[in-house]
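Q: The structure follows.
Numbering (the numbering used here), first residue to last: 3 to 762.
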């Protein structure tokens with residue numbers, strides 16, 4: 003907590019000393035201004051060597067439009083090396099320079115940079131003990147994360163930059179990374195490279211070396227390099243790059259202490275790497291630009307002359323904010339670019355990229371040699387087995403069946419066990435508390451709807467299905483199988499406007515829609531996320547499947563039940579194809595790196611599953627409780643029955659259902675399987691005990707239409723909550739409105755067609 007109070011003390015001292023408030027970093031003013039307002043505290047899971055505390059500062063409503071962020075600060079209570087001491091998560095909308103200024107206070111800033119899936123976030127987790135998602139899947143780290151560590155009694159700030167293959171492309175991750183390196187100007191940069199694929203990884207390392215920053219190379223995945231039969235000379239690699247090279251295995255913590263120590267030394271000494279030189283013709287073109295840059299007294303971001311020359315040659319004036327003072331350098335760079343294009347016959351940035359790739363390849367070849375005994379064939383053979391259409395497609399079917407079956411069988415078993423435990427222990431305790439506070443009247447009944455039924459509804463979905471799904475997803479991610487899955491299904495999924503990587507969320511939706519929608523965040527574009535979320539909203543989850551089997555399968559037969567699934571499947575395919583054709587934009591080709599298989603580690607799986615599940619728990623549960631209170635109020639005050647009359651033209655006139663069925667469809671937004679239970683309960687109240695048999699007042703056509711509408715219409719409250727969180731109110735409302743429209747159209751159509759086919 004010293005960090006928190008330090009910011010507040012500094013703010014007060016600034017005011018007493020008469021210093022302008024504008025001189026205090028905006029983040030510090032924000033924290034001080036909102037001290038004591040809307041604070042929530044809790045234990046931070048995953049602290050490396052001690053307990054931590056979390057403080058979340060939420061601005062009041064008048065600040066939400068401009069701030070819209072949550073800052074989290076935590077400090078551990080014990081000393082260690084290295085050890086987590088604090089964390090702040092920087093969203094894309096925030097200013098990272100100001101955020102770091104609020105925390106820096108003389109501590110060195112060490113940035114972690116690397117390609118996706120080289121173990122950069124694993125290293126960050128190991129050093130800071132914080133639960134940033136770590137996965138062997140491209141694009142996992144999509145925002146910067148900031149933490150602190152204690153190493154040899156020294157405090158250091160660790161900045162986890164987004165995974166990127168280059169600093170010069172147009173991807174959002176690359177833009178964030180290069181701006182951070184120039185604007186923040188970290189004291190040292192740890193470039194994490196994959197020892198099993200050195201040539202590709204060294205391209206980014208060369209770009210970082212060219213910036214003139216103190217660089218330390220973390221040669222990660224050395225255990226996998228050994229299994230692959232590779233022997234890498236770290237000393238020779240460091241000599242060629244002019245930097246320190248530390249072999250590490252981040253997942254096990256091997257070499258991490260030495261790496262942080264080397265990074266601190268580089269930061270203290272401001273030890274810039276020896277410049278890597280490229281081919282002579284290129285270097286001759288660059289010389290006038292370097293000379294012009296050297297004559298500039300104040301270069302942006304404290305860049306060296308060669309770094310500035312290379313960036314301008316590559317075409318990055320927007321990055322550097324070129325001003326009148328840099329006009330001579332920009333002119334020299336323009337002339338060098340024109341000469342380069344004339345000599346090499348290609349754009350200058352392509353020439354520079356070619357030089358770097360060639361240099362990276364030659365360095366990797368010089369420092370790598372095969373180990374005696376050769377590589378172990380297991381991982382490579384497994385990769386070939388899973389990506390070949392002949393063997394991979396049947397394997398996809400088996401894996402998807404196992405995922406679905408595990409979610410369905412294990413999830414149902416856990417849900418059943420949870421329901422028994424809740425009814426035996428939690429429900430009586432909650433009832434006793436409510437009775438002691440509100441008595442036994444209407445208010446108590448409404449509170450029971452919210453804090454008994456509402457909490458149970460949230461947890462009975464979250465624990466059995468969502469947490470289980472996240473564990474399965476973590477296993478598939480950490481093993482590397484998602485790459486094969488995306489590769490094999492990409493062509494089919496493209497017809498729906500999606501990449502192959504969207505298959506798993508669609509399959510997972512058969513268990514529960516909530517984690518499936520939460521997982522679409524990894525899709526590359528808003529268009530794909532919207533299409534995937536809409537299709538997920540139409541996929542029958544386990545709760546809707548229970549209604550289909552209970553209302554149709556039990557009373558009519560399994561063939562009509564399969565018919566409901568078939569109708570939903572056709573509607574889903576038509577929706578995907580239609581959205582793909584009508585939505586602006588297009589689905590680009592799938593370009594992804596195919597990683598080898600890796601053994602999942604239990605610690606990483608559990609940590610990742612908890613971090614993702616925690617978001618659902620803290621966001622969805624309050625909304626489910628609020629929705630339950632609203633439904634309970636309508637039910638207990640009798641207003642729910644009054645809704646039957648305005649719904650009658652749709653429920654009775656269009657769908658041909660009994661009026662009472664419409665009320666249960668509305669209540670089904672709380673929990674989909676609740677619709678069938680309430681239908682029986684309310685029918686017994688209105689029609690007598692004989693109504694427990696639904697066929698006593700509903701025809702087979704009624705049952706088919708009821709199950710179809712319940713499956714297609716409005717998702718449950720939990721699903722609506724995550725839709726809003728992922729897409730905002732407007733798009734979430736559009737998805738909900740679309741599902742309601744499709745459900746009513748399909749229900750009314752089958753209500754008229756089925757009797758013509760001989761159904762009663």
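Quick reminder that beta carbons are idealized off the backbone N, C-alpha and C, glycines included.
Keep in mind it's a predicted model, so treat the numbers as computed, not measured.
Could you tell me the alpha carbon to alpha carbon distance between residue 549 and residue 733, rounded to whole angstroms?
A: 27 Å
Q: State the DSSP-derived secondary structure class of residue 54, mapped to helix, strand or coil.
A: Residue placement at residue 54 cannot be trusted, given a pLDDT of 31 that sits under 50; what the coordinates show is reported in the next sentence. Reduced to three states, the DSSP call for residue 54 is coil.
Q: For residue 558, does the three-state DSSP call read helix, strand or coil?
A: coil
Q: Tell whether a beta-carbon distance below 8 Å holds between residue 109 and residue 181.
A: no
Q: Taking residue 648 as the reference, give the member of 258, 638, 662, 639 with the closest Cα.
A: 662
Q: Nearest to residue 719 by CA position, among 681, 704, 630, 705, is which residue?
A: Among 681, 704, 630, 705, the Cα nearest to that of residue 719 is on 630.
Q: Considering residue 507, what are the terminal residues of the alpha helix (DSSP H) in which it resides?
A: 505-510
Q: Taking C-beta to C-beta, are residue 449 and residue 438 nearer than 8 Å?
A: Against a cut-off of 8 Å, the Cβ pair of residue 438 and residue 449 comes out as no contact.
Q: Out of 490, 678, 564, point me to the one whose CA is closest to residue 396's CA.
A: 490
Q: Using C-beta distances below 7 Å, list every residue in its chain close to residue 111, excluding the 5 sequence neighbours before and after it, in chain order.
A: 102, 159, 161, 186, 188, 189
Q: Determine the direct distance from the alpha carbon of residue 286 to that of residue 358, and round the result to whole angstroms.
A: 16 Å
Q: So, for residue 671: in the same chain, excluding its five sequence neighbours on each side, which residues have a beta-carbon less than 7 Å away from its beta-carbon?
A: 716, 718, 719
Q: Kindly list the residues whose CB is nearer than 8 Å to the CB of residue 473, restricted to its own chain and excluding five residues on each side of it in sequence; keep chain order.
A: 607, 608, 611
Q: Short of 7 Å in beta carbon distance, which residues of its chain neighbour residue 412, apart from the five on each side in sequence? Order them along the chain.
A: 470
Q: How far does the beta strand (DSSP E) with residue 192 in it reach, from first residue to last?
A: The continuous beta strand (DSSP E) containing residue 192 extends over residues 190-196.
Q: Which class does residue 541 belong to by DSSP, given the choice of helix, strand or coil?
A: coil
Q: Pick out whichever of 219, 520, 194, 492 has its Cα sitting closest to the Cα of residue 247.
A: 219
Q: So is residue 623 buried or exposed if we call it buried at 16+ other beta carbons inside 10 Å?
A: buried
Q: Taking the C-alpha atoms as reference points, what is the distance between residue 251 and residue 222?
A: Between residue 251 and residue 222, the C-alpha separation is close to 5 Å.
Q: So, residue 540 versus residue 519, is the Cβ gap smaller than 8 Å?
A: no
Q: How many Å lie between residue 6 and residue 106 at the Cα?
A: Reliability fails at residue 6, whose pLDDT of 30 lies under 50, so the model's placement of it is uncertain and no value is given.
Q: For the structure I just gave you, are there three or more beta carbon pairs, one from the stretch 198-214 and one from the stretch 223-230, closer than 8 Å?
A: yes
Q: Is residue 11 buried or exposed, if buried means 16 or more other CB atoms sit within 10 Å of its CB?
A: Low per-residue confidence applies at residue 11: pLDDT is 33, beneath 50, and the placement is therefore not dependable, though the value from the model is reported in the following sentence. Exposed, by the Cβ-count rule.
Q: In or out: residue 362 buried (at least 16 other Cβ within 10 Å) or exposed?
A: The residue is buried, with at least 16 neighbouring Cβ atoms inside 10 Å.
Q: What's the call for residue 640, buried or exposed, on a 16-neighbour Cβ count within 10 Å?
A: exposed
Q: If you follow the beta strand (DSSP E) that residue 470 is in, where does it begin and where does it stop?
A: Not the beta strand (DSSP E): residue 470 falls in the alpha helix (DSSP H), residues 469-481.
Q: Can you tell me the Cα-Cα spacing of residue 392 and residue 488, whole angstroms?
A: 16 Å
Q: Helix or strand or just coil, what does DSSP make of residue 682?
A: If DSSP states are grouped into helix, strand and coil, residue 682 belongs with the helices.
Q: Please classify residue 746: does DSSP put it in a helix, a strand, or coil?
A: helix
Q: Going by beta-carbon coordinates alone, are residue 311 and residue 298 separated by less than 8 Å?
A: Going by C-beta atoms, residue 311 is not nearer than 8 Å to residue 298.
Q: Under the assumption that residue 599 contacts residue 481 (Cβ atoms under 8 Å), give the Cβ distance between them as a whole number of angstroms.
A: 6 Å
Q: Could you tell me the distance, in whole angstroms, from the CA atom of residue 351 to the CA atom of residue 206?
A: Put simply, the backbone Cα of residue 351 is about 14 Å away from that of residue 206.
Q: Specify the secondary structure class of residue 704 as computed by DSSP and reduced to three states.
A: helix
Q: Find the nearest neighbour of residue 316 within the set 342, 467, 551, judged by alpha-carbon distance.
A: 342
Q: CA-CA distance, residue 446 and residue 429?
A: One C-alpha to the other measures close to 13 Å.
Q: When the Cα atoms are used, what is the spatial distance from residue 547 to residue 512?
A: 8 Å
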